[in-house]
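Notes to accompany the following structure.
Below, the structure is given as structure tokens:
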């Protein structure tokens, strides 16, 4: 009878051990699944870090590019401003000269042909100066558009980073 009780106890212990083994196997499976999920999350994190690094590099590059454009724009803008001022001064001078010549034409009927030729020359110079002024304004507008486009790209990149 004592042997029978011992056998029953051994049998219960074996059953209990089997249950514990099953629980252990389930926990090992759960741990394995968690490791897999953690590995995937780690890979995703590395990918996001790489993407962030690329966006930061792109942003830095765009910022440098805009800074170079701004410096060039500032330098070019100053040159063009000086040219515009010079052209406007020339235009005023030419306009004054045209006015003076018109008065002379009225006063000196005999020199009419000569004065008309001078008037034509000055008008052509005035037109050429006016065309140069127009081209300069167009160039300034184009450069401003480029800067606005770069600033828009930076804003887009900055919003992607946040």
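Residue numbers (our numbering): 81 to 242.
Idealized CB from N, CA, C, for every residue including glycine.
Distance between residue j and residue i (C-alpha atoms, nearest Å)
i, j, result
"residue 175", "residue 232", "43 Å"
"residue 96", "residue 115", "28 Å"
"residue 221", "residue 119", "53 Å"
"residue 131", "residue 236", "15 Å"
"residue 110", "residue 234", "45 Å"
"residue 210", "residue 168", "9 Å"
"residue 125", "residue 159", "50 Å"
"residue 238", "residue 103", "50 Å"
Best match in the options for proximity to residue i [C-alpha to C-alpha]
i, options, result
"residue 208", "230, 171 and 122", "171"
"residue 148", "101, 227 and 98", "227"
"residue 241", "86, 129, 85 and 214", "129"
"residue 177", "127, 86, 229 and 201", "201"
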